[in-house]
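If you read the protein sequences in the order shown, they are chains R and C. All residue numbers for the first sequence refer to this note's numbering, where the first residue is 1 and numbers rise by one. All residue numbers for the second sequence refer to this note's numbering, where the first residue is 1 and numbers rise by one.
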Amino acid sequence: MDGNYILYKLILASVILLISLVVAMYSTLLERKVAGFMQDRLGPNRAGIGGIFQPLADGLKLFFKEEFMPGTADKFLYILGPSLTMMIALLTSAVIPWGNSFIINGTEYTLQVADINVGVLYVFAILSIGVYGIMIGGWASNNKYALIGAVRAASQMISYELAMSMSIITIVMMSGTLSLKDIVDQQHGMNWNVWYQPLGFLIFIVCAFAECNRSPFDLPECETELIGGYHTEYSSMKLGFYLFAEYINMFISSAMIATLFFGGYNFPFMDSLNLSHNALTIIGSLVFFAKIAFFVFFFMWVRWTLPRFRYDQLMRLGWKSLLPLAIINILITGFVIMIKNHL
Amino acid sequence: MFSKYLFFILSFIAIYAALKVLISKKPMHSVLYLTLAFFAIGGHYILLNAQFLAVVHIIVYAGAIMVLFIYTVMLLNLNIQGEFPKSRLMKFASAIAGGMLLMVLIAVFRTYDLKMISDPALNQIGLVKNLGKVLFDEYYLPFELSSILFLAAMVGAVMLGKKDIY
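Okay, structure coming up:
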């Protein structure tokens, strides 16, 4: 634990924080551009070349709007809600391996803030506490629509958390480790988990949509029924935090999908390129970000293609289709592993 | 050295939050302080090198049980401020019971010698691999029996919820 090491980790954590924020910022622009493309229009194109400064303009607008506090709100919890949502959204990025490692002067610098031996469980833990920000915010607003939105969000996230965790358990069974770095290293080259776990991947991605409260599962903020759901009473940057956290969640979910199922920073033919370790790491990280960008696009693609589910349909899908499927998937995986060990 | 300070900070948070659970007037605040206390205790587990226990503690208590608590408080709308009526007899009884508990605790801890556990075998017990080996080797039968107990509880909950169908 020398000073150099701590300094390196601090810099890495700050850089990852910054990247998450910038990616989330430009996801808002991308979302509107994708929406424009899907609906045969141009999307925002006035601020800067092709609308490149639109996120800055949006951010400034949110900052300069009137800060409103409902008279009957619980003041402390009302502020705590969006802050918690933002904080929890940023926590997961600590265990994701953003790249292999750099070797400079014989010292190895891994591109992962914390390679803890319970990485997968850490992700589960963050998933399970992600609901607090929304519940606290919805309750503290003291508004019926906000409360209904918060209750919906909570039950939706609890329901889909189960199936999601069970779909990750098959990956853990296959790789025999809980460390995300080891899981990525086992998917060397083109040996990606998605080829072995197509069903698990399907369950995971559906649950990721539900956990991020993204369309077609955006019932907590369903504006035709609930005005704005849990953030009905929020304005200014507090609303901005809720909206922004959704984009960060989307970015982190895409990173998790790429890490668990699509090989993280591994790419095909990486051994036959004859590149040095450091060059491979740089290309690997770029490939990882390309994978993430694809899944972020996929999130938007689905949002502007599918209509919103009804609430009972959402619950039926979660409990009666995805959960049994996930359990069957665990059984099949267990069987295959057993047969493999006995051959 | 560093972990000693962490211990004191975490202990302070845990005790403060636990007190606030009792003192807070609003039920919602009590529930949230209880969650904070659970997080502080999770931190203690990490200090004891039991990462698995810490993470599972957060998942089960903070992530599942407390969310259901908040859910119940939200739906029941227990937002009644002010004192709950307590009779004088209740106050006397609780004061005497609390005082006696304090006496017993002092009697127990007066001669107790706090020691650091430095056995390397015990230090590693909280890691996933060791815990799994112990659970599925030595304590295999109790482990499976407790999982059947959980299953029975789950079936019972579903039966209670579906009572009106029959």
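Cβ coordinates follow ideal geometry from the N, Cα and C atoms, glycine included.
Among the residues of chain C, those whose CB is under 9 Å from the CB of residue 150 of chain R are 74, following chain order.
Put simply, the backbone Cα of residue 172 of chain R is about 33 Å away from that of residue 2 of chain C. When only Cα atoms are considered, residue 285 of chain R and residue 100 of chain R end up about 8 Å apart.
Look at residue 108 of chain R here: in three-state DSSP terms it is strand. For the C-beta of residue 52 of chain C, the chain R residues within less than 8 Å are, from N- to C-terminus, 118 and 121.
Taking the Cβ atoms as the reference, residue 167 of chain R lies roughly 4 Å from residue 204 of chain R, within the contact range of under 8 Å.
Approximately 4 Å separates the beta-carbon atoms of residue 233 of chain R and residue 141 of chain R; this is inside 8 Å, confirming the contact.
Contact annotation: residue 17 of chain C and residue 40 of chain C have beta-carbon atoms nearer than 8 Å. The Cβ of residue 59 of chain C sits closer than 8 Å to at least one Cβ of chain R. Check the Cα spacing between residue 262 of chain R and each of R:198, R:299 and R:229: the tightest is with R:198.
Residues of chain C whose Cβ lies closer than 8 Å to the Cβ of residue 135 of chain R are, in chain order, 67, 70, 71 and 74. When the alpha-carbon of residue 9 of chain C is set against those of C:27, C:29 and C:42, the nearest one is in C:42. In this chain, residue 343 of chain R is not harboured by any alpha helix (DSSP H), its DSSP state being neither H nor E. Chain C places no beta carbon closer than 8 Å to that of residue 167 of chain R, leaving this residue out of the contacts. Uninterrupted alpha helix (DSSP H) stretches at least 4 residues long and entirely within the stretch 166 to 240 of chain R occur at 180 to 185, 198 to 211 and 223 to 226, given in chain order.
Across the structure, residue 8 of chain R and residue 90 of chain R are spaced so that their CA atoms are roughly 19 Å apart. Look at residue 101 of chain R here: in three-state DSSP terms it is strand.
Two segments are said to touch when three or more pairs of C-beta atoms, one from each, lie closer than 8 Å; by this definition the stretch 101 to 110 of chain C does not touch the stretch 151 to 171 of chain R. Annotation: the continuous alpha helix (DSSP H) that includes residue 284 of chain R extends over 277 to 303. Residues are counted here when their Cβ sits less than 9 Å from a Cβ of chain R; for the stretch 25 to 37 of chain C these are 26, 28, 29, 32 and 35, given in chain order.
Only residues of its own chain outside the window of five on either side were considered, and among them 112, 113, 114, 115, 116, 119, 122, 123 and 180 have a CB closer than 8 Å to the CB of residue 95 of chain R, listed in chain order. Rounded to the nearest whole angstrom, the C-alpha separation of residue 294 of chain R and residue 307 of chain R is 21 Å.
Per DSSP, the continuous alpha helix (DSSP H) segment holding residue 313 of chain R begins and ends at 311 to 316. Considering only R:14, R:77, R:38 and R:103, the residue with the shortest C-alpha distance to residue 279 of chain R is R:103. What residue 152 of chain C touches in chain R, judged by beta-carbon distance under 9 Å, is nothing: the nearest beta carbon there is about 18 Å away. Residue 298 of chain R sits away from residue 214 of chain R, with the two beta carbons spaced by 8 Å or more. Pairwise C-beta distances place the stretch 264 to 275 of chain R out of contact with the stretch 235 to 248 of chain R, as fewer than three of them are shorter than 8 Å. If you draw a 10 Å sphere on the C-beta of residue 189 of chain R, you find fewer than 16 other C-beta atoms in it, and that means exposed. The C-beta distance from residue 264 of chain R to residue 187 of chain R rounds to 7 Å, short enough to meet the 8 Å contact threshold. Three or more Cβ pairs drawn from the stretch 146 to 166 of chain R and the stretch 312 to 320 of chain R lie within less than 8 Å of each other, which places the two stretches in contact. Taking a C-beta distance under 8 Å as the contact criterion, residue 250 of chain R and residue 184 of chain R do not qualify as a contact pair. The beta carbon of residue 131 of chain C sits no closer than 8 Å to any beta carbon of chain R. Residues 55 of the same chain have their beta carbon placed closer than 7 Å to that of residue 25 of chain R, with the five preceding and five following residues left out of the count.
In this structure, DSSP gives residue 271 of chain R a state outside helix and strand, which the three-state scheme calls coil. Scanning its chain for C-beta atoms nearer than 7 Å, with the 5 sequence neighbours on each side dropped, one finds no residue around residue 88 of chain C. Under a 10 Å Cβ-count criterion, residue 93 of chain C is classified as exposed, with fewer than 16 other Cβ atoms of the shown protein chains found around its own Cβ.
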